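Going by our numbering, the sequence shown opens with residue 3, and the numbers climb by one from there.
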Amino acid sequence: MDLDGKVSQGVPIGNDISFLLSELVLAQVDKAIRARHSRALRWFDDYEFAADTREQAEEILKRLNKELGKFKLRLNPRKTTITRLPSPTHDFWQETLKQSGIARVMNTQSMIRYFDAAFRLRDQFPDEPVMMYALGLLFKLNCPTPEVARIAQSCITQGLLCEPGAAQKGFALLTFWGLNGLKLDAPLLTNTINKMVLGHQAGGFSSDVSWALAFCLDHVYTLNAKAAQVLSGFDDDCIALQALHMERSGLLPKGFNKNRISKALKNTDLDREHWLIAYETVRHGFLTICAAAVKSNPLFSELLKHKVTFYRRSLPHYATILHAGGAPDWIVRLWISTISAKSPDGSETSKTPILKLIGDDLAKIDPSIETDEDAIIELMDVANAVEHVGDSDTY
3 MDLDGKVSQG VPIGNDISFL LSELVLAQVD KAIRARHSRA LRWFDDYEFA ADTREQAEEI
63 LKRLNKELGK FKLRLNPRKT TITRLPSPTH DFWQETLKQS GIARVMNTQS MIRYFDAAFR
123 LRDQFPDEPV MMYALGLLFK LNCPTPEVAR IAQSCITQGL LCEPGAAQKG FALLTFWGLN
183 GLKLDAPLLT NTINKMVLGH QAGGFSSDVS WALAFCLDHV YTLNAKAAQV LSGFDDDCIA
243 LQALHMERSG LLPKGFNKNR ISKALKNTDL DREHWLIAYE TVRHGFLTIC AAAVKSNPLF
303 SELLKHKVTF YRRSLPHYAT ILHAGGAPDW IVRLWISTIS AKSPDGSETS KTPILKLIGD
363 DLAKIDPSIE TDEDAIIELM DVANAVEHVG DSDTY
């Protein structure tokens, strides 16, 4: 608020500091509402209440609106409903996809029927993450045959272009199959990513483009001149940072111009929203325009001195799969359990290539780690290879 003329609107979202700030606010709302614990639930900024009558439900809604209003917050009318119970625990479209034969997508016709069902349901439920859910179910298939994969990749790329928010799941699935031995269709995927970047220019989904660029960096895919030209813009710090990384790696050979980014960074205030790219361009040697500002700033000069980075240029190939939002959580937990399991004769259970890869890295981490979540965090550090930036080594 101090930075924006004492004006603030909405619960802050983003990094962990934002979660803390939103908790400080919404915990006060929780306390003021005085709802029974057994009949009220909040997950981050999503509320759910149970009431005996509609009148009680409307009274709860009234109190919630009143308490949120004290912090200049309001409910999203499109996402706020009073529902008469009982109601199904799963949406119709989810059950339809589950029953559409996911276990039988072992031939081209069954794969076509599966995506036919997904595309049909997406048209029926345009506000639901149908494609994301459909892609998640396909993690049950370790590696399709080349002919089935040809159909699957064609359908997946169509899904990525038609449903904003599905990119992370889609690229994680493709990486999963690739690590299990599938030869990915590089020209098809590169062409799809070019289209995603161009679509973003017209006001697309930034996170989808970011996941697409991460996929390019991991699989060493080169984009075309038109996409490179779009990436020269400075509308999203993470995308601009990834674009600079791609340019350094030779994956944007034509069309990319660093001048626009340099101009935008010329007078950047490190205490405002562009601090990340300003610092990281210096940290990784992508640009020098902010070097003096970073080195003269008490906080960022210390971060630079201690080689702190918020952008990793090197990660294990399975990182996007294990990352929250990649493979479904229950599958990741199953993998971790399978890796640590032993058969009765003492030998390890059979593993797919990706499980062997993860298992080799798991053996390198602290055996006292108890939770899957902590193990995944440690795995991200195991393969964080030494990088060279200028004359200094970074880890």
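We treat Cβ as the ideally placed atom computed from N, Cα and C, and that holds for glycine.
Small disclaimer: the values here were computed from a predicted structure and weren't measured.
Closest in C-alpha terms to residue 27, from the list 269, 69 and 58, comes 69.
Around the Cβ of residue 263, a 10 Å sphere holds 16 or more other Cβ atoms; the residue is buried.
Annotated three-state conformation of residue 75 is coil, per DSSP.
Taken through DSSP and simplified to helix, strand or coil, residue 42 comes out as strand.
Residue 313: not part of any beta strand (DSSP E); DSSP gives it neither H nor E.
At the C-beta level, residue 132 and residue 99 come within 9 Å of one another. Here DSSP, grouped into helix, strand and coil, assigns residue 368 to coil. Two segments are said to touch when three or more pairs of C-beta atoms, one from each, lie closer than 8 Å; by this definition the region 228-235 does not touch the region 267-280. Contact check for residue 56 against residue 84 passes: the beta carbons are separated by less than 9 Å. No beta strand (DSSP E) of 3 residues or more sits fully in the region 152-214. Going by DSSP, residue 51 is part of no alpha helix (DSSP H) but of the beta strand (DSSP E) stretching over 48-51.
Per the coordinates, the alpha-carbon of residue 29 lies some 10 Å from the alpha-carbon of residue 23. Residue 225 is a Cβ neighbour of residue 192, given a cutoff of 9 Å.
Residue 114 sits in a helix when the DSSP states are folded into three classes.
Bounds of the alpha helix (DSSP H) holding residue 247 are 239-250. Residue 168 holds the alpha-carbon nearest to the alpha-carbon of residue 327 among 379, 219 and 168.
Shown here, residue 226 sits in coil according to DSSP, grouped into three states, outside any helix or strand. DSSP, read as helix, strand or coil, puts residue 145 in coil.
Apart from sequence neighbours up to five positions away, the residues of its chain that approach residue 381 with a beta-carbon distance below 6 Å are 363, ordered along the chain. In terms of Cα proximity to residue 50, the closest of 71, 77, 73 and 72 is 77. Annotated three-state conformation of residue 329 is coil, per DSSP.
Taking a cut-off of 8 Å for Cβ pairs, the region 123-141 and the region 162-182 touch, as three or more such pairs fall below it. Leaving aside the five residues that flank residue 53 on each side, the residues in its chain whose CB is nearer than 7 Å to its CB run, in chain order, 59 and 62.
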